[in-house]
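Position 466 of the sequence shown, counting from 1, maps to 479 under my numbering, and the rest follow consecutively. Remarks on the structure that follows.
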Amino acid sequence: MSITRRDFLNGFALTVAAGLTPLEILRAAPRQISASYYPPSLTGLRGNHDGSFENAHKLGRAHHAFNLGGAKVEEQYDLVVVGGGISGLAAAHYYRKKHPQAKVLILDNHDDFGGHAKRNEFKVGNRLMLGYGGTESLQSPKHVFSKEALALMKELTIDIDGLASHFHRNFYPDLKLSRGVFFNKEDFGVDKTVGGDPYLQVADDIDPKRLNARPIRDFINDFPMSKQDRDALIALHTSTRDYLGDMPKNKREAYLAKISYSTYLSRHVGLSATAIRFFQSRSNDFQAVGIDGLPALDARNLDLPGFHGVAGLGKISAEAEAELRDPYIYHFPDGNASIARLLVRKMIPQAAPGKDMNDIVLARFDYSKLDLPENPVRLRLNSTVVRVENAKGPVDVGYLDKGGRLRRVQGRHVVMACYNMMIPHIMPELENDQKQALAMNVKAPLVYTKVVLKNWDSFMKLGVHELYCPSMPYSRIKMDYPVDIGGYQHPRKPSEPMCLHMVYVPTIAGSNLDPRTQWKMGRAKLLAMPFSEHENMIRSQLQRILGPAGFDHNRDIAAITVNRWSHGYSYFLNSMYDDDEESKRIIATARRPAGKVAIANSDSDWNPYTHAAIDQAWRAVNELS
Numbered sequence: 014m015s016i017t018r019r020d021f022l023n024g025f026a027l028t029v030a031a032g033l034t035p036l037e038i039l040r041a042a043p044r045q046i047s048a049s050y051y052p053p054s055l056t057g058l059r060g061n062h063d064g065s066f067e068n069a070h071k072l073g074r075a076h077h078a079f080n081l082g083g084a085k086v087e088e089q090y091d092l093v094v095v096g097g098g099i100s101g102l103a104a105a106h107y108y109r110k111k112h113p114q115a116k117v118l119i120l121d122n123h124d125d126f127g128g129h130a131k132r133n134e135f136k137v138g139n140r141l142m143l144g145y146g147g148t149e150s151l152q153s154p155k156h157v158f159s160k161e162a163l164a165l166m167k168e169l170t171i172d173i174d175g176l177a178s179h180f181h182r183n184f185y186p187d188l189k190l191s192r193g194v195f196f197n198k199e200d201f202g203v204d205k206t207v208g209g210d211p212y213l214q215v216a217d218d219i220d221p222k223r224l225n226a227r228p229i230r231d232f233i234n235d236f237p238m239s240k241q242d243r244d245a246l247i248a249l250h251t252s253t254r255d256y257l258g259d260m261p262k263n264k265r266e267a268y269l270a271k272i273s274y275s276t277y278l279s280r281h282v283g284l285s286a287t288a289i290r291f292f293q294s295r296s297n298d299f300q301a302v303g304i305d306g307l308p309a310l311d312a313r314n315l316d317l318p319g320f321h322g323v324a325g326l327g328k329i330s331a332e333a334e335a336e337l338r339d340p341y342i343y344h345f346p347d348g349n350a351s352i353a354r355l356l357v358r359k360m361i362p363q364a365a366p367g368k369d370m371n372d373i374v375l376a377r378f379d380y381s382k383l384d385l386p387e388n389p390v391r392l393r394l395n396s397t398v399v400r401v402e403n404a405k406g407p408v409d410v411g412y413l414d415k416g417g418r419l420r421r422v423q424g425r426h427v428v429m430a431c432y433n434m435m436i437p438h439i440m441p442e443l444e445n446d447q448k449q450a451l452a453m454n455v456k457a458p459l460v461y462t463k464v465v466l467k468n469w470d471s472f473m474k475l476g477v478h479e480l481y482c483p484s485m486p487y488s489r490i491k492m493d494y495p496v497d498i499g500g501y502q503h504p505r506k507p508s509e510p511m512c513l514h515m516v517y518v519p520t521i522a523g524s525n526l527d528p529r530t531q532w533k534m535g536r537a538k539l540l541a542m543p544f545s546e547h548e549n550m551i552r553s554q555l556q557r558i559l560g561p562a563g564f565d566h567n568r569d570i571a572a573i574t575v576n577r578w579s580h581g582y583s584y585f586l587n588s589m590y591d592d593d594e595e596s597k598r599i600i601a602t603a604r605r606p607a608g609k610v611a612i613a614n615s616d617s618d619w620n621p622y623t624h625a626a627i628d629q630a631w632r633a634v635n636e637l638s
């Protein structure tokens with residue numbers, strides 16, 4: 014395959030011959046940012062982008078100590094928030110509700126606010142395309158959201174049912190499209206797409222009755238596998254056999270919690286390595302680990318096969334049931350970036366026009382208004398906090414600005430809404446038990462890539478709207494969610510541009526390593542990959558899958574944005590390696606207030622969801638009051 018970069022720069026197909034690129038405009042921005050500063054429009058390598066982590070690595074890797082003694086106090090606030098993601102923004106909002114006259118400063122190391130709630134914008138011709146670079150949707154808001162999280166949604170004008178009504182669940186089913194599986198030649202002997210996948214997704218956006226699925230026997234019999242493997246997979250899905258045999262029923266759940274799903278399929282079901290490989294990446298998107306790191310009991314919660322005939326297993330929890338069965342239709346076109354934008358607009362009204370959840374979608378933000386001296390709430394980007402010290406009076410906060418200069422501000426209170434594993438480096442005076450507990454939250458690396466196609470004819474010819482790839486870098490490839498809201502419209506015709514969502518989790522497949530180890534290794538891999546390597550990988554995989562349907566990557570790709578999250582999902586309990594009660598103690602120790610400093614972020618709940626980020630902001634602010 015020939016890949017040329019002659020007409021492709023920083024992820025976007027070039028249509029001009031001269032002038033500054035958006036990236037150059039951003040890099041040229043002074044501390045007082047101008048109206049031309051607009052990070053959502055940047056393509057190329059985003060997420061934990063270059064420039065967002067180097068100063069943090071001076072702390073965490075080089076163990077550089079930043080002494081604030083020689084730095085003068087430039088500003089004083091009632092609250093300083095470290096981290097401008099949803100948890101940090103919510104903390105600022107909650108604090109202002111308790112203290113309406115409070116002056117608040119929010120500091121973030123990225124060039125945009127929102128944290129993982131990242132907005133991606135593309136202009137293709139005269140059409141604006143939106144994408145979510147991270148946090149995707151509201152997960153089961155009617156079942157798992159706390160009253161505080163629901164109240165915040167209401168304050169932000171987010172009507173849960175109204176949001177769902179903008180999601181057209183039958184759009185792809187009405188086009189006779191289904192989900193499919195792509196088998197690659199290296200692992201299955203041939204490159205082949207098999208449509209009609211009957212598998213339900215966790216929290217599926219498609220009505221289970223409208224999957225356009227094939228009967229399980231027909232679906233599996235089309236797999237490029239031996240008859241023996243196909244028959245074994247069919248039996249796995251249709252048999253009521255008790256695969257745990259004579260194991261005492263009262264020991265089964267504990268046993269399944271301590272072995273991986275791949276071990277279960279091999280040891281108890283008797284599947285071959287090839288048949289097991291079909292499932293390897295089914296858990297990548299939701300769990301950020303393959304089935305060798307997925308407890309068998311959790312596989313049951315994900316509705317993976319092999320447990321229908323196993324006696325002695327209790328009902329799955331109400332929360333797991335909700336996550337599995339609730340429709341995944343509470344979605345803005347830019348994902349939960351709209352929540353971050355609503356929070357910022359509420360606290361800094363001059364930053365963007367509008368009044369509700371509908372007009373936020375197309376609202377153009379003026380980033381030059383975020384950090385004005387007259388603002389009661391100021392949001393300062395490109396600012397990496399490197400030191401927080403409890404003093405007898407206010408809390409000292411030191412940060413490195415975009416130019417690398419050490420700045421010092423003070424806050425009557427501080428909320429640490431940043432990645433929790435960084436806090437021991439920023440606050441070295443913490444007790445050792447708290448530092449050790451905070452370090453236990455090893456975040457999962459993952460990549461959300463957005464590829465804007467000039468048309469989606471190839472998907473129509475293949476008859477699929479989404480693909481699962483068991484053995485390729487990107488395990489999930491799907492066309493965008495069909496949402497129309499606030500004047501934004503999802504493409505209707507295959508001849509129109511379409512935004513693809515692609516998920517790559519750098520797992521160490523088949524290693525049987527614990528998630529923390531896999532995630533550290535995966536993070537190192539991600540940080541070593543330049544954009545060009547990502548681009549080659551994306552183009553190669555899309556060409557192999559869509560090429561037989563007439564796709565040409567050189568002709569048909571308009572833009573690529575790689576949202577690289579070296580530190581993605583918060584760590585969450587894995588029963589193969591974590592004890593439930595001990596994990597609760599670790600969480601409580603990690604988020605213990607320290608003087609006038611409280612700790613937020615979804616990390617502080619070991620729960621990588623937006624509602625957890627909000628709940629932890631609520632808790633942290635109340636601990637300060």
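The C-beta atom is built at its ideal place from N, Cα and C for all residues, glycine as well. As the structure is a computational prediction, the values presented were derived from the model and not from experiment.
Residues sharing a beta bridge with residue i, DSSP
| i | result |
| --- | --- |
| P308 | S273 |
| H514 | K463 and K491 |
| A611 | V428 |
| K136 | L141 |
| N122 | In the DSSP output, where bridge partners are listed per residue, N122 has none listed. |
| I361 | Per DSSP, none; premise fails for I361. |
| D409 | E402 and Q423 |
Beta-carbon spacing of residue i, residue j below 7 Å
| i | j | result |
| --- | --- | --- |
| D316 | L337 | yes |
| V465 | A571 | yes |
| S488 | S178 | no |
| G193 | V477 | yes |
| H514 | K533 | no |
| S638 | K155 | no |
| S484 | N197 | yes |
| R577 | L526 | no |
| G127 | A353 | yes |
| L249 | P318 | yes |
| Y274 | A312 | yes |
| V428 | A603 | no |
| D259 | V323 | no |
| A216 | Y582 | no |
Alpha carbon of residue i to alpha carbon of residue j, nearest angstrom
| i | j | result |
| --- | --- | --- |
| A48 | S381 | 6 Å |
| R425 | L326 | 52 Å |
| S153 | P340 | 8 Å |
| L394 | A104 | 17 Å |
| F292 | R420 | 50 Å |
| T520 | M238 | 24 Å |
| C512 | L459 | 19 Å |
| A288 | S524 | 17 Å |
| R265 | T276 | 15 Å |
| A404 | I171 | 40 Å |
| A226 | D187 | 13 Å |
| N454 | Q363 | 37 Å |
| F345 | V374 | 8 Å |
| G146 | H580 | 14 Å |
Buried or exposed by the 16-neighbour rule on C-beta atoms within 10 Å, applied to residue i
| i | result |
| --- | --- |
| D210 | buried |
| S150 | buried |
| G417 | exposed |
| R280 | exposed |
| H547 | buried |
| T253 | exposed |
| P528 | buried |
| R140 | exposed |
| E37 | With a pLDDT of 45 at E37, under the threshold of 50, the predicted position of this residue should be treated as unreliable, though the coordinate-derived value follows. Answer is exposed; the Cβ neighbour count stays below 16. |
| G98 | buried |
| V86 | exposed |
| P261 | exposed |
| Q531 | buried |
#### Entry: Three-pair Cβ contact test at 8 Å for the segment 79-98 versus the segment 106-124
With a cut-off of 8 Å, the segment 106-124 and the segment 79-98 count as touching, because enough Cβ pairs lie within range.
### Message
For the segment 130-148 against the segment 49-64, do three or more pairs of beta-carbon atoms, one drawn from each stretch, fall closer than 8 Å, so that the two count as touching?
### Response
yes
### Message
Across the segment 443-463 and the segment 624-634, are there enough close Cβ pairs to call them in contact, namely three or more that are closer than 8 Å?
### Response
no
### Task
Please determine if the segment 426-441 and the segment 546-561 are in contact, where contact requires at least 3 C-beta pairs separated by less than 8 Å.
no
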